[in-house]
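As structure tokens, the structure follows; a few thoughts come after it.
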Amino acid sequence: PGPTGESNTLYLEPSGCAVCYADKDTSVNFWVISIITALAAGNTVLTVVSDLFYKEALAFREKLLSTGVAEGIFQVAKLSQLTGILAHPHLAGAVIGSGCEHKSFVNHHLAARSGAILPVISSEYYDTLISRLLTEKTVSIDTTASGGNTSLMTLSED
């Protein structure tokens with residue numbers, strides 16, 4: 012506790028469900044790192060991929076499941092399902108390569124949603140990817156008695 016009688020604590024929590032998008036304009040390196048980073052941050056991941064990445068995405072999922080990860084932690088969807096996924100109420104954000112042809116489509120769909128503003132994280136933020144996939148929360152607790160520490164105001168000289 013500080014001198015003002017409060018305690019402030021910063022917490023980092025998973026954002027929730029992140030979409031990791033990949034198409035012909037996405038490097039395999041960025042796609043895999045975005046998935047691993049989102050999972051390491053404690054998020055669930057739904058990767059939306061074009062046909063180019065579909066077999067790799069399914070193989071990645073099978074390898075991940077073979078390590079004992081729960082079934083729903085990492086899921087694979089095709090590009091044709093993107094519109095419905097972007098409208099899902101549990102979505103927390105999207106990770107997409109900066110050169111992808113669907114980046115503006117994802118931006119517009121997430122911006123049109125009501126409620127919380129969701130981030131679109133692109134490969135320009137490669138070095139801060141993990142911090143963008145976490146949610147900062149602060150907890151402030153008043154540790155003084157009701158009315159604060161009034162004894163400081165009643166000091167008298169002897």
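Start counting the sequence shown at 12; every next residue gets the next number (the numbering used here). Each residue gets a CB set at the ideal place from its N, CA and C atoms; glycine is no exception.
query                                                                                                                : result
Starting from H135, follow the alpha helix (DSSP H) in both directions and report where the run begins and ends.     : It is worth fixing the name first, because residue 135 is Glu in this sequence and not His. No alpha helix (DSSP H) holds E135; DSSP gives it neither H nor E.
Among the candidates D34, L75, E17, whose CA atom is the shortest distance from the CA of T55?                       : L75
Pull up the DSSP beta-bridge partners for K148, would you.                                                           : Y22
Compute the Euclidean distance between the alpha carbons of E17 and V150, then round it to the nearest angstrom.     : 10 Å
So, helix, strand or coil for I107, using DSSP?                                                                      : strand
Counting along the chain, where does the alpha helix (DSSP H) carrying T48 start and finish?                         : 39–51
By the three-class DSSP mapping on this structure, what secondary structure does T189 have?                          : Because residue 189 is not part of the residues shown, which for the chain are 12 to 169, the question remains open.
Among all the DSSP beta bridges, which residues are the ones paired with K89?                                        : V60
Expressed to the nearest angstrom, what Euclidean distance is found between the alpha-carbon atoms of P130 and D153? : 32 Å
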